[in-house]
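**Student:** So for the sequence shown, our numbering puts the first residue at 181; every next one is plus one.
For glycine and all other residues, C-beta sits at the position ideal for the given N, C-alpha and C.
First the structure, then my questions, so here it is.
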Amino acid sequence: MTTTALYEIETHEADDGTTHPAEQLWTPCLDDAPDNGFIVHRGLYVIGIDGPTGDHLYPVGFIALGHHQWTDIIEGATAYMASIHGWRNLHLYPGDDPSVLIPRIPRAAQTHGVFLRHLHPDHPCGCEWEGTWRMVWAPPTEPGAVPVTALRHPAAPATAAGIPNPDHEAMPATWAA
181 MTTTALYEIE THEADDGTTH PAEQLWTPCL DDAPDNGFIV HRGLYVIGID GPTGDHLYPV
241 GFIALGHHQW TDIIEGATAY MASIHGWRNL HLYPGDDPSV LIPRIPRAAQ THGVFLRHLH
301 PDHPCGCEWE GTWRMVWAPP TEPGAVPVTA LRHPAAPATA AGIPNPDHEA MPATWAA
């Protein structure tokens, strides 16, 4: 659902030669965020995200709509794991060996993202991805960018989620308080 590259809206060519957007900008809102996989926990809209490879069984990270404190995103991520996967321990993935110690929860980053919905509703394609969405990291000045708070799952490798790191990347981000 996420990628580390800055976004560029994809297009496709119709039979008559006209170009149409393959995706549209979308912003999850109160009405449709829960229908698209977000949970609402104490007013915080949280979802588990996969990494750029898209091949993980459980979330490798979490995003919350808006900029929030680190403790709030941890609580929201724990609520997401409990609600979606029936697991209250944020330190491990369901089924992991509890004797494996994961000593710290990673820091949360406040950044921006653009939500893209495939396919543009005016030009349906009928493919398996139709009606799905993805988020890409974006500078705050990018049209359609919304503030998000991102947190890597503690059991995921540091590089798995592709979440911007304010200490090491050019992507605009700050550490959550």
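(1) What separation, rounded to the nearest whole angstrom, lies between the Cα atoms of residue 251 and residue 330?
(2) Which first and last residues belong to the alpha helix (DSSP H) in which residue 256 is found?
(3) Reducing DSSP to helix, strand and coil, say where residue 337 ends up.
(4) For residue 333 versus residue 325, is the C-beta distance shorter than 9 Å?
(5) So, at 6 Å on beta carbons, what are the nonlocal neighbours of residue 348 in its own chain, with the 5 sequence-adjacent residues on each side left out?
(6) Considering residue 327, what are the terminal residues of the beta strand (DSSP E) in which it resides?
(7) Any heavy atom of the ligand MG within a distance shorter than 8 Å of the CB on residue 229?
(8) Are the beta-carbon atoms of residue 282 and residue 296 separated by less than 9 Å?
(9) Okay, do the segment 199 to 218 and the segment 229 to 242 touch, 3+ Cβ pairs below 8 Å being the bar?
(10) Which residue or residues does DSSP assign as beta-bridge partners of residue 228?
(11) Within a Cβ cutoff of 6 Å, which residues of the same chain sit near residue 231, ignoring the five residues on either side of it in sequence?
(12) Rounded to whole angstroms, how far is the Cβ of residue 319 from the Cβ of residue 290, which I believe are closer than 8 Å?
**Tutor:** For this structure:
(1) Translated into positions along the sequence shown, residue 251 becomes position 71. Translated into positions along the sequence shown, residue 330 becomes position 150. Looking at the two C-alpha atoms, the distance is approximately 12 Å.
(2) Position 76 of the sequence shown, counting from 1, holds the residue named residue 256. Element bounds for residue 256: 250 to 265.
(3) Within the sequence shown, numbered from 1, the residue matching residue 337 stands at position 157. The answer is coil: DSSP assigns residue 337 none of H, G, I, E or B.
(4) Indexing the sequence shown from 1 puts residue 333 at position 153. Indexing the sequence shown from 1 puts residue 325 at position 145. No, the Cβ-Cβ distance between residue 333 and residue 325 is not below 9 Å.
(5) By 1-based counting over the sequence shown, the position of residue 348 is 168. Taken in chain order, the list of residues that qualify is empty.
(6) Residue numbering aside, residue 327 sits at position 147 when the sequence shown is read from its first letter. Unbroken beta strand (DSSP E) run through residue 327: 326 to 332.
(7) For the structure depicted, the ligand MG is absent and the ligand set is empty, with no information on it obtainable.
(8) Your numbering for residue 282 matches position 102 in the sequence shown. Your numbering for residue 296 matches position 116 in the sequence shown. No, Cβ-Cβ distance for residue 282 and residue 296 is not below 9 Å.
(9) Taking 8 Å as the limit for Cβ pairs, the verdict is that the segment 229 to 242 does not touch the segment 199 to 218.
(10) Stepping through the sequence shown from its first residue, residue 228 is reached at position 48. Residue 228 is bridged to 242.
(11) Indexing the sequence shown from 1 puts residue 231 at position 51. These residues qualify, in order along the chain: 240, 340, 341, 342.
(12) Walking along the sequence shown from the start, residue 319 turns up at place 139. Walking along the sequence shown from the start, residue 290 turns up at place 110. Contact flag wrong, Cβ pair sits at about 13 Å.
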